[in-house]
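Residue numbers (the working numbering): 4 to 518.
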């Protein structure tokens, strides 16, 4: 399996696929609560001086870059609570790759999630960014607060995480419902016990404030930024909070920040159904599709397979003897829908599963959760729950889920009920955002902002990009007609040209550009 392709998908996973913790949005720390093996072994020394109640001392920082691999690594210090800057700090992990040609400036990037470590993108910069960007910019990735190596939130053990991802995401018996409720309660109790102080301050607004401190530490008057998926919400939030400091922003695979958690879940359910049917249509178009001779027949084959795995998990070649449960099958199925380049992996996984072997779908599920060699290499699945629920803690009771079925079944006959159950995910969150939790975003006063949308994007459906481009006073839309998530550097030269000319040369494309 070509892990380079899968890695690119994982880095830009959508905002919460399931909306919360109870259905597998969980941890990535070692069982003893220690940082991942490749994480920092000691907290950096503080270099802050001046009035501890003022933000000036944070804005006056200079990054001490040091070689790491072929790039440079560093940290900046930020307040845990921007409303009370004297009450503790945390360190953001940074990595940059220097411009290979005539330098334009710094370009800050975010891969999405929320929860994905931004430094991972820099470690594989040639995979994520085309040569013109690498030539013109120092590309800077950061692990947002609570993620990666930036004081990562920790809620449960690896073993408990395995239990979460294995669980039925569409519980259909009283016992499964009770188990799902318990998993959610245990998750939030663990967050409070292990990471309560940090976990209550990982909102998108606070992460956007961190980006302005980073801008200053980089010596930039304005922030140039490329954000993917959830990173578009982060970028739009920055433009709202700091319009005068907003430089050239590209928001790719855009999220509509006005959507409620329910509306967002319905939107994603529709998006994944469209993506699944597009995948099956491609298979049918070969004239010898193993799933069936029509799209409806192929989708029915997949749905029947999921139901059969729900009834009886499949064996795998996993050295730990893990089975392919219906939960793991779900993650293994949706991951390859993020990119047309990965459809061949889904072919392999489904063909094997239809023959009674769940090995490839299990491997894809592990990639979704950043699980390698029996451990979790980052805390992305844990952080996604905490950040999303801190931003929007709305939830419903388990007894109310069945009433959601009609709307979610219409949105996605295949996946709808999984997303309906996701609506209980924030139930019991013990934290509340204290920094502008009801922020309305229009970016008034910001420089022009490019919003990219892909017509058959499963994770952040095209309609959300259209909506964000209209909500931003200076926003303009560029459309990629195609499959997958997101648009930039996925083989569409027209899109790449538009992005490069905007970021490097400050040239906007023709209005309404469609590629």
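Note that the Cβ used here is the ideal one computed from N, Cα and C, for glycine as well.
A quick note: this is a predicted structure, and the numbers were derived from the prediction, not measured.
C-beta contact flag for residue i and residue j at 8 angstroms
i	j	result
residue 390	residue 207	yes
residue 368	residue 183	no
residue 145	residue 226	no
residue 517	residue 493	no
residue 377	residue 318	no
residue 109	residue 188	no
residue 274	residue 464	yes
residue 340	residue 278	yes
residue 372	residue 363	no
residue 153	residue 229	no
residue 48	residue 92	no
residue 237	residue 210	yes
residue 74	residue 100	yes
residue 398	residue 428	yes
residue 271	residue 411	no
residue 479	residue 511	yes
residue 143	residue 112	yes
residue 97	residue 76	yes
residue 115	residue 386	no
residue 462	residue 232	yes
DSSP bridge partner residues for residue i (one or two, in chain order)
i	result
residue 481	455
residue 80	94
residue 71	74
residue 109	141
residue 228	111 and 252
residue 186	DSSP lists no partner for residue 186.
residue 486	459
residue 379	374
residue 99	75 and 143
residue 327	317
residue 517	482
Beta-carbon separation (whole angstroms), residue i vs residue j, contact threshold 8 angstroms
i	j	result
residue 365	residue 335	6 angstroms
residue 241	residue 249	7 angstroms
residue 65	residue 220	7 angstroms
residue 476	residue 456	18 angstroms between Cβ atoms; not a contact.
residue 454	residue 442	With a Cβ gap of about 18 angstroms, residue 454 and residue 442 do not count as contacting.
residue 90	residue 61	So it is not a contact: roughly 13 angstroms between Cβ atoms.
residue 88	residue 56	6 angstroms
Start-to-end residues for the beta strand (DSSP E) that takes in residue i
i	result
residue 249	249-255
Residue span of the alpha helix (DSSP H) that contains residue i, given as start and end
i	result
residue 585	Any question about residue 585 goes unanswered here, given that the chain covers just 4 to 518.
residue 274	264-287
residue 429	Where residue 429 is concerned, there is no enclosing alpha helix (DSSP H), given that its DSSP letter is neither H nor E.
residue 352	346-357
residue 3	Residue 3 lies beyond the stretch modelled for the chain, which goes from 4 to 518, so this question has no answer here.
residue 61	59-62
residue 409	408-414
residue 233	233-244
residue 223	Note, residue 223: premise wrong, no alpha helix (DSSP H); not H, not E.
residue 168	161-169
residue 131	128-131
residue 500	496-508
Exercise. Touching or not, the stretch 257-269 and the stretch 277-296, by the rule of three or more beta carbon pairs under 8 angstroms?
Worked result: no
Problem set entry | Segment contact flag, the stretch 198-206 with the stretch 72-85, C-beta cutoff 8 angstroms, min 3 pairs | yes
For this session: Assess, as a yes-or-no matter, whether the stretch 187-198 is touched by the stretch 153-167 under the definition of 3 or more beta carbon pairs within less than 8 angstroms.
Result: yes
Exercise. On the three-pair Cβ rule with 8 angstroms, is the stretch 135-150 touching the stretch 475-489?
Worked result: Touching, no, given that fewer than three Cβ pairs across the two stretches are closer than 8 angstroms.
Problem set entry | Cβ contact check for the stretch 292-300 and the stretch 420-438: 3 or more pairs under 8 angstroms | The stretch 420-438 and the stretch 292-300 do not touch, with fewer than three beta-carbon pairs separated by less than 8 angstroms.
Exercise. Is the stretch 172-183 touching the stretch 122-131, taking contact as three or more C-beta pairs under 8 angstroms?
Worked result: no
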